[in-house]
Amino acid sequence: MTTVTSPLTGRVVGLAGVPDPVFSGAMVGPGTAIDPVRRPTEAVAPVDGVVVSMHPHAFVVVDADGHGVLTHLGIDTVQLNGEGFELLVSKGDTVTRGQAVIKWDPAAVEAAGKSPISPIVALEASPESLGDAVESGEVAVGDALFSWS
Numbered sequence: 001m002t003t004v005t006s007p008l009t010g011r012v013v014g015l016a017g018v019p020d021p022v023f024s025g026a027m028v029g030p031g032t033a034i035d036p037v038r039r040p041t042e043a044v045a046p047v048d049g050v051v052v053s054m055h056p057h058a059f060v061v062v063d064a065d066g067h068g069v070l071t072h073l074g075i076d077t078v079q080l081n082g083e084g085f086e087l088l089v090s091k092g093d094t095v096t097r098g099q100a101v102i103k104w105d106p107a108a109v110e111a112a113g114k115s116p117i118s119p120i121v122a123l124e125a126s127p128e129s130l131g132d133a134v135e136s137g138e139v140a141v142g143d144a145l146f147s148w149s
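Number 127 in UniProt numbering belongs to position 127 of the sequence shown; there are no gaps in the numbering.
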């Protein structure tokens with residue numbers, strides 16, 4: 001069983017609240033989403049594992065059970081070409097839950113005309129394999145978002 005914890009502090013809006021049909025339709029996978037606080041912050045690893053994909057706006061950590069968790073910072077943020085994002089780890093690095101992975105500013109993303117809402121997705125998972133996904137309320141870094149069997 002993998003417990004995925006929040007990589008950000010903010011308000012949970014659930015995948016249905018993501019302004020992107022690919023995420024809101026759970027086409028990438030099941031999970032939830034966070035509308036982050038509007039201040040410079042760090043996105044942290046939601047599980048212990050290895051960083052298998054690393055971009056300025058998104059990263060994937062795969063845990064010891066082979067569960068990959070995507071943290072996508074904002075919507076359409078790939079169009080910012082890395083501006084306003086600082087990578088703190090590299091692809092292939094082993095990270096621990098809560099370790100800072102990317103430094104970014106959700107307010108700057110919003111000012112650039114993009115949504116800072118950030119999906120946290122269980123890759124290659126079925127909706128039935130996720131338990132107790134948080135869909136609303138306030139969360140802090142490290143709060144449980146969902147479990148995955």
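All C-beta atoms, glycine included, are put in the ideal place defined by N, C-alpha and C.
Please read all numbers here as calculations on a predicted model, not as lab measurements.
In whole angstroms, give me the CA-to-CA distance for residue i and residue j.
i      : j      : result
Lys92  : Gly98  : The sequence given here places Gly at residue 92; Lys does not occur at that position. Taking the straight line joining both Cα atoms gives about 17 angstroms.
Val4   : Val69  : 8 angstroms
Glu110 : Ser126 : 31 angstroms
Asp65  : Thr2   : 8 angstroms
Ser147 : Asn81  : 32 angstroms
Gln79  : Glu128 : 33 angstroms
Ile75  : Val51  : 21 angstroms
Ile117 : Ala144 : 18 angstroms
Thr96  : Ala122 : 17 angstroms
Ser136 : Val37  : 15 angstroms
Thr61  : Gly29  : It is worth fixing the name first, because residue 61 is Val in this sequence and not Thr. Looking at the two C-alpha atoms, the distance is approximately 15 angstroms.
In this structure, how does DSSP classify residue i when only helix, strand and coil are distinguished?
i      : result
Glu42  : strand
Glu86  : strand
Gly68  : strand
Pro119 : strand
Gly98  : coil
Leu145 : strand
Val22  : helix
Val78  : helix
Ala58  : strand
Since residue i and residue j should fall inside the 8 angstroms C-beta cutoff, what is the C-beta to C-beta distance between them, to a whole number of angstroms?
i     : j      : result
Pro46 : Thr71  : 6 angstroms
Gly7  : Val141 : It is Pro, not Gly, that sits at residue 7 in the sequence shown. The Cβ separation is near 7 angstroms, so the contact holds.
Glu86 : Lys103 : 4 angstroms
Quick check on the DSSP output: the alpha helix (DSSP H) that includes residue i runs from which residue to which?
i      : result
Val109 : 106 to 111
What are the start and end residues of the beta strand (DSSP E) that includes residue i?
i     : result
Ser53 : 49 to 55
Pro36 : 31 to 36
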